[in-house]
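Undergrad: Take this structure first; my questions come after.
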Amino acid sequence: MSLKKKIILGFLISSIIIAILVIAAYINFIEIRKEIRYLELSDTLSSKSLQLRRHEKNFFLYRDVKEIEEVHNYLKDLKTILTKAKTSYKTGKLFSLEKEIEKYGQRFNRIELIAWNFQKEFNWLKPGLPEHADFFKLIESTFLERPLVNAGILKKVFLLKADSPAVRSLLELNTEISALRKNGEEILIISKALDKSAREKVERYISVTATAALFLFPLFLVVGLGSSFIISHSIVNRLKILTGAIEKTGKGDYSSLAIPAKQDEVGVLIKTFNKMENDLIEREEELRKKNEELLQSRKLASIGTLAAGVAHELNNPLNNIYLSAQILSRKIGQESCSGIIGETVSDIFSQTLRVKRIVGDLLEFAREKAPEFAMVDMVDVIAGVLNRMEASGELGDVKYNIEALEDIELYADVNLIKQVFINLFTNAVDAMEGSGALNVTINRVDTNVRIEVSDTGKGILPEDISKVFDPFFTTKEKGTGLGLAIVYNIIEKHNGKIDVRSIPDKGTTFTITLQGGESH
33 MSLKKKIILG FLISSIIIAI LVIAAYINFI EIRKEIRYLE LSDTLSSKSL
83 QLRRHEKNFF LYRDVKEIEE VHNYLKDLKT ILTKAKTSYK TGKLFSLEKE
133 IEKYGQRFNR IELIAWNFQK EFNWLKPGLP EHADFFKLIE STFLERPLVN
183 AGILKKVFLL KADSPAVRSL LELNTEISAL RKNGEEILII SKALDKSARE
233 KVERYISVTA TAALFLFPLF LVVGLGSSFI ISHSIVNRLK ILTGAIEKTG
283 KGDYSSLAIP AKQDEVGVLI KTFNKMENDL IEREEELRKK NEELLQSRKL
333 ASIGTLAAGV AHELNNPLNN IYLSAQILSR KIGQESCSGI IGETVSDIFS
383 QTLRVKRIVG DLLEFAREKA PEFAMVDMVD VIAGVLNRME ASGELGDVKY
433 NIEALEDIEL YADVNLIKQV FINLFTNAVD AMEGSGALNV TINRVDTNVR
483 IEVSDTGKGI LPEDISKVFD PFFTTKEKGT GLGLAIVYNI IEKHNGKIDV
533 RSIPDKGTTF TITLQGGESH
């Protein structure tokens, strides 16, 4: 075999190995990205299932009508998510979860109906049993939590028969509540199974990628070094003049040889060898640059993966802490406790909110999700965000005003757009230190929608204006520096733009321009 053919063969084998490695890595990357989306879906289902159970328990404990509405809202959210998920992921667990949620919703509706019927029957009984008035309040406050016990009280104390409507309602209520709780537990079990399955698939694909790299890269080195050895040995056997040069090349010395006066085969070979020396120098420099770029990319990818992983792991314990803090706050409001207890619980609650916000920022920063465009009413979206923030106390004493001459709709991802204004409004409240005026102006300019968010806060220094959208840049002592970077990325995904102008100690205005506004 000629020297030319040997070189071509060695290069071809190395290229095939590299191509196999690249193709395998790309295929696994596609699968990993798909499974990560599935992991996000399972995490959302698990989180909403936990919230559903929390509001269910609150309803049985406190009989708050708002909790019923929350239960129905979460049921609706879960059904919507599952309907969309089934088009992409046709797994038995998703269908099982959908069935359990459907049964849960039907059973909860029956419990509502039975509860109202019992209340009606009990109100009808009360006027005829004034001697048992002391039990009325007890039964009315606990019949959802302990229906069986209250049925016994009605039979033993009120002397009602077992087939009386009130007793029958309580017995039926006990049966339905027990079945509902089993449904709820099954929903949580399936949600956790989905989450576990998604994590295992992601880890499996990552393991396959790592195994392929560990196997093919050494093979590439072996083939490359083997080809070099064969070619060098052939040259050494036939052309002694190149022996020393090849040895130097093997040690990293790429010095050229003197070209013989006679241009015979040896002269041509030496010229080719000198050209190869120059190519090796350039290739080594290029390889060094590529390795530096690859190392930087891996560092950034590792940061994103670490952020996503840490955020996902923190979510569940944070939700539990948040729920516990809510319950403690409500309990303190009902009972008289010392000031330090109230302050401590309030501090726990506020710090938990802060950590949840940081975790949310990390998740949003690590997530690479394409927008899901739909027709959105911008006035309704912004008003909804402000109303929720006001209801949760996040606005403090800030007074807000929305100026919009008409309803304005455009195609956008409603969840991402909500995230934009949550971040902007939160920054504005922080800049105003919880007291001031927040103005939002929405109007159309030709075919675009322009939204201005202005506050009366402390403003931004001129030297910081150009850096406010950079990741991890912040002037807050407790900020993450991700909020405005996330806002900028979301607006970019919507093919829009965002500008900022500010006057120190007077206020800041963010101007967002989005395409495709339509008036109605």
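To convert, count from 1 in the sequence shown and add 32; that's my numbering. Note that beta-carbon positions come from the ideal geometry of N, C-alpha and C, so glycine has one too.
1. Helix, strand or coil for residue 194 per DSSP?
2. Hey, is residue 214 close to the ligand MN, as in C-beta under 7 Å from one of its heavy atoms?
3. May I ask which residues mark the beginning and end of the beta strand (DSSP E) holding residue 171?
4. Between which two residues does the alpha helix (DSSP H) harbouring residue 443 extend?
5. Is the region 501-517 in contact with the region 465-477, if contact means three or more CB pairs nearer than 8 Å?
6. Starting from the C-beta of residue 496, find all residues in its chain whose C-beta is less than 6 Å away, skip the five residues before and the five after it, and write them out in chain order.
7. Less than 8 Å between the beta carbons of residue 542 and residue 523, yes or no?
8. When you compare each of 506, 111, 528 to residue 480 by their alpha carbons, which one comes out closest?
9. Starting from residue 109, trace the beta strand (DSSP E) in both directions and tell me its first and last residue.
10. Go ahead and pull the three-state DSSP assignment for residue 144.
11. Answer with buried or exposed for residue 357, where buried requires no fewer than 16 other C-beta atoms within 10 angstroms of its C-beta.
12. Would you identify the three-state DSSP class for residue 539, choosing helix, strand or coil?
13. Tell me the DSSP secondary structure of residue 208 in three-state form.
14. Applying the 10 Å Cβ sphere with the 16-neighbour rule, what's the burial state of residue 58?
15. Along the chain, where does the alpha helix (DSSP H) containing residue 515 start, and where does it finish?
16. Could you tell me which residues DSSP pairs with residue 386 in its beta bridges?
17. In terms of residues, what are the limits of the alpha helix (DSSP H) holding residue 184?
18. From residue 364 to residue 179, what distance separates their C-alpha atoms?
19. Just checking, does the region 403-417 make contact with the region 448-456 on the three C-beta pairs under 8 Å criterion?
20. Could you give the C-beta distance for residue 429 and residue 466, rounded to a whole number, given that I count them as a contact under 8 Å?
21. Do residue 518 and residue 472 have their beta-carbon atoms positioned less than 8 Å apart in this structure?
22. Whose C-beta lies closer than 6 Å to the C-beta of residue 516 among residues of the same chain, with five residues either side of it excluded?
23. Give the DSSP-derived three-state secondary structure of residue 468 in the structure shown.
24. Could you tell me if residue 546 is buried or exposed, where buried requires 16 or more neighbouring beta carbons within 10 angstroms of its beta carbon?
25. Skipping 5 residues on each side, what residues in its chain have a beta carbon closer than 7 Å to that of residue 29?
26. Taking the alpha-carbon positions, what's the residue 3 to residue 442 distance?
27. Can you tell which of 520, 507, 513, 490 has the C-alpha that lies nearest to the C-alpha of residue 536?
28. For residue 450, which option in 403, 487, 494 has the closest C-alpha, if you only look at C-alpha atoms?
29. Quick one: residues in its chain with C-beta nearer than 7 Å to the C-beta of residue 353, no 5 flanking neighbours on either side, listed in chain order?
30. Mapping the DSSP letters down to three states, classify residue 486 as helix, strand or coil.
31. Quick check: what's the CA-CA separation for residue 392 versus residue 382?
32. Out of curiosity, what's the CA-to-CA distance linking residue 201 and residue 85?
33. How many Å lie between residue 31 and residue 390 at the Cα?
34. Taking the alpha-carbon positions, what's the residue 119 to residue 427 distance?
35. Quick one: grab the DSSP three-state call for residue 376.
36. Short check: CB of residue 71 to CB of residue 231, under 8 Å?
TA: Put simply:
1. Stepping through the sequence shown from its first residue, residue 194 is reached at position 162. Three-state DSSP puts residue 194 in coil, outside helix and strand.
2. The ligand MN is not part of this structure, which contains no ligands at all.
3. Residue mapping note: residue 171 aligns to position 139 of the sequence shown, counting from 1. From DSSP, residue 171 is part of no beta strand (DSSP E) but of the alpha helix (DSSP H) over 165-174.
4. Counting from 1 along the sequence shown, the entry for residue 443 is found at position 411. Looking at the DSSP string, residue 443 is not in any alpha helix (DSSP H); the run it does join, the beta strand (DSSP E), is 440-444.
5. Short answer: they don't touch.
6. For this step, residue 496 is matched to residue 464 along the sequence shown. Annotation for residue 496: no residue places its beta carbon closer than 6 Å to its own, counting only its chain and skipping 5 residues before and after.
7. On the sequence shown, residue 542 is found 510 positions in, with the first residue counted as 1. On the sequence shown, residue 523 is found 491 positions in, with the first residue counted as 1. Contact flag unset, no.
8. Residue mapping note: residue 480 aligns to position 448 of the sequence shown, counting from 1. Distance check between residue 480 and each of 506, 111, 528 places 528 closest, using alpha-carbon atoms only.
9. For the purposes of this step, residue 109 is taken as residue 77 along the sequence shown, with counting starting at 1. Counting along the chain, residue 109 sits inside no beta strand (DSSP E); it lies in the alpha helix (DSSP H) bounded by residues 97-120.
10. For this step, residue 144 is matched to residue 112 along the sequence shown. Residue 144 falls in the helix class under three-state DSSP.
11. Here residue 357 corresponds to residue number 325 of the sequence shown, with the count starting at 1. Buried is the label assigned to residue 357, since at least 16 other Cβ atoms lie within 10 Å of its Cβ.
12. Reading the sequence shown from its first residue, position 507 is the one you call residue 539. Residue 539: strand per DSSP, three-state reduction.
13. In the sequence shown, counting from the first residue as 1, residue 208 sits at position 176. Reduced to three states, the DSSP call for residue 208 is helix.
14. Translated into positions along the sequence shown, residue 58 becomes position 26. Classified as exposed, residue 58 has fewer than 16 neighbouring CB atoms from the shown chains inside 10 Å of its CB.
15. Working through the sequence shown from its first residue, we reach residue 515 at position 483. Start and end: 515-525.
16. Within the sequence shown, numbered from 1, the residue matching residue 386 stands at position 354. The partner list for residue 386 (beta bridge, DSSP) is empty, contrary to what the question assumes.
17. In the sequence shown, counting from the first residue as 1, residue 184 sits at position 152. According to the DSSP assignment, residue 184 belongs to the alpha helix (DSSP H) that extends over 179-188.
18. Residue numbering aside, residue 364 sits at position 332 when the sequence shown is read from its first letter. Residue numbering aside, residue 179 sits at position 147 when the sequence shown is read from its first letter. Cα atoms of residue 364 and residue 179: separation of roughly 27 Å, rounded to the nearest angstrom.
19. Touching, yes.
20. Here residue 429 refers to the residue found at position 397 of the sequence shown. Here residue 466 refers to the residue found at position 434 of the sequence shown. Their Cβ separation, rounded to whole angstroms, is 6 Å, which keeps residue 429 and residue 466 in contact under 8 Å.
21. Locating residue 472 in the sequence shown gives position 440, where the first residue counts as 1. Locating residue 518 in the sequence shown gives position 486, where the first residue counts as 1. Result no, Cβ atoms of residue 472 and residue 518 do not sit closer than 8 Å.
22. Taking the sequence shown and counting its residues from 1, one reaches residue 516 at position 484. Excluding positions up to five away in sequence, the list reads 500, 501.
23. In the sequence shown, the residue the question calls residue 468 occupies position 436. In the displayed model, residue 468 falls within a strand according to three-state DSSP.
24. Start at 1 with the first residue of the sequence shown, and residue 546 comes out as number 514. Classification of residue 546: buried, given that the 10 Å Cβ count is 16 or more.
25. The displayed coordinates of the chain run from 33 to 552. Any statement about residue 29 would go beyond what the structure contains.
26. Missing from the structure shown is residue 3; the chain here goes from 33 to 552 and no further.
27. As a working mapping, residue 536 is identified with position 504 in the sequence shown. When 520, 507, 513, 490 are compared, the shortest CA-CA separation from residue 536 is found for 490.
28. Within the sequence shown, residue 450 is the residue found at index 418, counting from 1. Comparing alpha-carbon positions, the option among 403, 487, 494 lying closest to residue 450 turns out to be 403.
29. The residue labelled residue 353 in the question sits at position 321 within the sequence shown. Closer than 7 Å at Cβ, skipping near neighbours: 384.
30. On the sequence shown, residue 486 is found 454 positions in, with the first residue counted as 1. In the displayed model, residue 486 falls within a strand according to three-state DSSP.
31. Counting from one through the sequence shown, the residue named residue 392 turns up at place 360. Counting from one through the sequence shown, the residue named residue 382 turns up at place 350. Approximately 15 Å, taken between the alpha carbons.
32. Taking the sequence shown and counting its residues from 1, one reaches residue 201 at position 169. Taking the sequence shown and counting its residues from 1, one reaches residue 85 at position 53. Distance between the alpha carbons of residue 201 and residue 85 is about 23 Å.
33. Because the chain here runs from 33 to 552, residue 31 falls outside it and cannot be looked at.
34. Taking the first residue of the sequence shown as position 1, residue 119 is located at position 87. Taking the first residue of the sequence shown as position 1, residue 427 is located at position 395. Taking the straight line from one Cα to the other gives about 39 Å.
35. Indexing the sequence shown from 1 puts residue 376 at position 344. Here residue 376 sits in helix by DSSP.
36. To locate residue 71, count along the sequence shown from 1; it is residue 39. To locate residue 231, count along the sequence shown from 1; it is residue 199. Cβ atoms of residue 71 and residue 231: closer than 8 Å.
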